[in-house]
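**Student:**
In the working numbering, the protein residues as written are 416 to 702.
1) For residue 509 and residue 558, which I take to be in contact (beta-carbon distance under 8 Å), what is that distance rounded to the nearest angstrom?
2) Three or more beta-carbon pairs under 8 Å between the region 658-667 and the region 467-487, yes or no?
3) Can you tell me the Cα-Cα spacing of residue 612 and residue 466, whole angstroms?
4) What residue range does the beta strand (DSSP E) around residue 603 cover?
5) What did DSSP end up calling residue 574 once you bin it into helix, strand or coil?
6) To the nearest whole angstrom, what separates the beta carbons of residue 625 and residue 640, a pair I think is in contact under 8 Å?
7) Can you give me the start and stop residues for the alpha helix (DSSP H) that residue 610 sits inside?
8) When burial is assigned at 16 or more other CB atoms within 10 Å of the CB, is residue 529 buried or exposed?
9) Have a look at 545, 552, 486 and flag the residue whose alpha-carbon is nearest the alpha-carbon of residue 511.
10) State the Cα-Cα distance for the pair residue 462 and residue 478, rounded to the nearest angstrom.
11) Which class does residue 484 belong to by DSSP, given the choice of helix, strand or coil?
12) Return helix, strand or coil for residue 542, following the three-state DSSP convention.
13) With residue 651 and residue 577 assumed to form a contact (beta carbons below 8 Å), what rounded beta-carbon distance in angstroms separates them?
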């Protein structure tokens with residue numbers, strides 16, 4: 416069993432296509448096919464199920480994928496450990512919830528790239544649960560989410576507190592208290608979003624029920640609010656980035672407390688200068 420075989424297998428499993436994997440690995444598809452067949456012969460199991468011209472990962476392949484991810488992550492750690500004093504370099508895969516990626520990270524990412532040009536930073540977005548799953552399975556080197564939960568194999572540290580603002584079009588007039596929201600539609604991310612949960616808890620405590628339309632896009636949410644279709648609760652970073660210049664006003668309510676954003680990483684990730692530099696810059700930026 417060779418690292419090249421394992422890397423080929425994992426790439427095919429990740430992208431679901433030998434042809435696409437060949438493009439990413441800069442080799443011909445026939446080479447990947449031959450190496451994976453050799454790996455299957457050595458393991459004595461089928462890692463993929465062939466279906467016509469396509470393929471999907473087999474149950475045995477799913478089991479082996481978890482080990483392949485660990486092997487490749489450990490290999491990368493070993494390379495970094497040989498020269499921990501070197502400037503951060505190599506791939507860095509960071510995940511973030513949409514509000515953080517859109518409202519807080521753009522300026523930081525530009526500074527990080529300028530300071531550490533040798534790091535190939537890849538940023539992906541997703542739900543907080545998916546990002547933590549990807550971090551636990553070594554698909555991400557770390558993730559920023561707005562929930563504080565215990566997860567097996569993961570460590571976490573607070574990064575910054577995100578203030579929450581209720582936004583409404585200036586055409587609707589001022590929002591002084593919750594009674595001004597009567598007959599208003601609320602646009603929010605779908606269930607599972609911590610900011611939506613904060614809004615729902617606030618409405619419940621105030622004894623009010625408002626219709627909530629689920630939109631999985633801050634751009635769409637701000638657009639609807641800007642058009643006067645309703646209101647929304649958003650992190651201050653989103654207001655500063657989008658809503659302030661879209662004809663929206665922001666309103667603070669003491670009952671809407673700030674939400675902690677935390678950085679998670681795998682407890683067995685070991686030495687990772689690029690990840691540590693990224694966390695250091697996060698602290699520097701939002702201290």
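Yeah, the Cβ is synthetic: ideal placement off N, Cα and C, and Gly gets one too. Just so you know, these numbers come straight off a predicted model, no measurement behind them.
**Tutor:** Considering the structure as presented:
1) 7 Å
2) no
3) 43 Å
4) 601-603
5) strand
6) Contact flag wrong, Cβ pair sits at about 14 Å.
7) 609-621
8) exposed
9) 545
10) 9 Å
11) helix
12) coil
13) 7 Å
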